[in-house]
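Trainee: Below is a structure I'd like to ask you about.
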Amino acid sequence: MATALKLRYYGDPCLRKAAKAVKNVGLAERMLIREMIEAMYAFDGSGLAATQVGLDLQIFVADDGDGPYAVIDPEIVKKSSEQSKMEEGCLSLPKIKVNVKRPATIKVKYLDDNNVMVEKEFSGLKARIFQHEIDHLEGRMIIDYASKEDREKYKDQLTKLSDLFQKPKPSGKKNG
Ligand code: NI
89 MATALKLRYY
99 GDPCLRKAAK
109 AVKNVGLAER
119 MLIREMIEAM
129 YAFDGSGLAA
139 TQVGLDLQIF
149 VADDGDGPYA
159 VIDPEIVKKS
169 SEQSKMEEGC
179 LSLPKIKVNV
189 KRPATIKVKY
199 LDDNNVMVEK
209 EFSGLKARIF
219 QHEIDHLEGR
229 MIIDYASKED
239 REKYKDQLTK
249 LSDLFQKPKP
259 SGKKNG
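The opening position of the sequence shown corresponds to residue 89 in my numbering, with each subsequent residue numbered one higher.
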């Protein structure tokens with residue numbers, strides 16, 4: 089499936105900015121959400137935050153097995169003191185896996201794609217996805233949770249990814 093949205097990788101400053109609140113989900117936002125869902129499937133991911141495609145908006149889409157859904161302006165209102173650890177990957181950090189410890193259960197407030205305010209409690213995989221994607225909307229990535237050993241292990245891959253962003257676009261003129 090083709091998508092017009094371009095996936096951003098580690099090193100791109102758009103991944104480190106806190107995204108702007110949407111506040112009202114209208115037709116334009118719904119069209120964008122549809123595009124993001126298409127892009128998520130095209131990139132073969134189970135979640136995609138707007139900041140990962142260079143959009144400065146608090147929107148993420150995900151599919152954890154029951155079809156796609158969209159979350160707008162999410163806010164975690166309660167976190168359990170109980171934590172769980174799970175290995176996570178990220179489209180913006182290919183070939184990297186990080187063990188991330190997070191609250192096991194969270195209560196989240198957000199707008200759905202019908203502009204309806206929802207408040208729900210999640211645990212398990214859904215709590216995991218929500219926290220991973222909310223991190224993206226606040227400029228955080230899984231590598232921020234990595235141990236010193238993991239950081240060392242992935243040093244070359246991280247350098248490769250950030251070099252990809254720094255590199256100027258190839259021009260028509262070739263000089264070897
Ligand atoms: Ni991610």
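Ideal Cβ placement from N, Cα and C applies to all residues, glycine included.
Scan the stretch 219-261 and note each continuous alpha helix (DSSP H) run of 4 residues or more that stays entirely inside, going in chain order.
Mentor: Runs found: 236-241, 243-254.
Trainee: Any chance the CB of C102 is under 6 Å from a heavy atom of the ligand NI?
Mentor: Here residue 102 corresponds to residue number 14 of the sequence shown, with the count starting at 1. C102 Cβ: outside cutoff for every heavy atom of the ligand NI.
Trainee: According to DSSP, is V196 part of a helix, a strand, or is it coil?
Mentor: Looking up residue 196 in the sequence shown gives position 108. V196: strand per DSSP, three-state reduction.
Trainee: Near E123, which residues of its chain fall below 8 Å by C-beta distance, leaving aside the five closest residues on each side in sequence?
Mentor: Here the question's residue 123 lines up with position 35 in the sequence shown. Result list for E123: T91, A92, L93, in chain order.
Trainee: Going by DSSP, what residues sit across from N202 in a beta bridge?
Mentor: Locating residue 202 in the sequence shown gives position 114, counting from the first residue. Its beta-bridge partners do not exist; DSSP assigns none.
Trainee: Can you pull the DSSP bridge partners for R96?
Mentor: Here the question's residue 96 lines up with position 8 in the sequence shown. DSSP output for R96 lists no bridge partner at all.
Trainee: With a 10 Å radius around its C-beta and 16 neighbouring C-beta atoms as the bar for buried, classify L252 as buried or exposed.
Mentor: Locating residue 252 in the sequence shown gives position 164, counting from the first residue. Looking at its Cβ environment, which holds fewer than 16 other Cβ atoms inside 10 Å, L252 is exposed.
Trainee: Straight-line CA distance for N112 to E237?
Mentor: Taking the first residue of the sequence shown as 1, we reach residue 112 at position 24. Taking the first residue of the sequence shown as 1, we reach residue 237 at position 149. Taking the straight line from one Cα to the other gives about 43 Å.
Trainee: Is G212 helix, strand or coil when you go by DSSP?
Mentor: Here the question's residue 212 lines up with position 124 in the sequence shown. Reduced to three states, the DSSP call for G212 is helix.
Trainee: Could you tell me whether the stretch 222-230 touches the stretch 128-140, where touching means 3 or more Cβ pairs closer than 8 Å?
Mentor: Segments in contact, yes.
Trainee: Measure how close the beta-carbons of R228 and M174 come, nearest whole angstrom, since I'm counting them as under 8 Å.
Mentor: Translated into positions along the sequence shown, residue 228 becomes position 140. Translated into positions along the sequence shown, residue 174 becomes position 86. The Cβ separation is near 16 Å, so there is no contact.
Trainee: Please classify A107 as buried or exposed, where buried requires at least 16 neighbouring CB atoms within 10 angstroms.
Mentor: For this step, residue 107 is matched to residue 19 along the sequence shown. With 16 or more other Cβ atoms within 10 Å, it is buried.
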